[in-house]
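Position 97, counted from 1, in the sequence shown is what the working numbering calls 79; the numbers after and before it change by one each time, with no gaps.
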Amino acid sequence: HIIVLYWLDKADREKLVVKTPWDEEPHGVFATRSPSRPNPIAFDIADLVEVKKNILFVRGLDALEGSPLIDIKPYSQTDSVPGARLGWFEKAAQGKNNPF
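This is the structure in structure tokens:
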């Protein structure tokens, strides 16, 4: 797996409050995973399937085709945070639209 940082070049940069599919309440964009952000840097973890010369083939990357790439980093299980506090996501996890 790899960590991919990319630019959400088509994202709405004006919205500061958004609704999510997981909660009826609006939330500030920094408390969500919304692509609408003042600084549209995206972070995702993708399955590295194959490397051919300087081309990486991945699976599970949540990016639009042609999104500008910022950086690629190796993923390590030490990046996981056991017992992390999830804020409003914890309440959403109990509901019918569970994002987890």
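Cβ coordinates follow ideal geometry from the N, Cα and C atoms, glycine included.
Three-way DSSP call (helix, strand, coil) for residue i in this model
i: residue 4; result: coil
i: residue 63; result: coil
i: residue 73; result: helix
Assumed close pair residue i, residue j - CB separation to whole angstroms, cut-off 8 Å
i: residue 26; j: residue 43; result: 6 Å
i: residue 0; j: residue 11; result: 6 Å
i: residue 19; j: residue -5; result: 7 Å
CB contact flag (residue i, residue j, <8 Å)
i: residue 31; j: residue -16; result: no
i: residue 49; j: residue -9; result: yes
i: residue 75; j: residue 5; result: no
i: residue 22; j: residue -7; result: yes
i: residue 69; j: residue 13; result: yes
Residues that DSSP places opposite residue i in a beta bridge
i: residue -14; result: 26, 54
i: residue 41; result: 29
i: residue -1; result: 10
i: residue 34; result: 37
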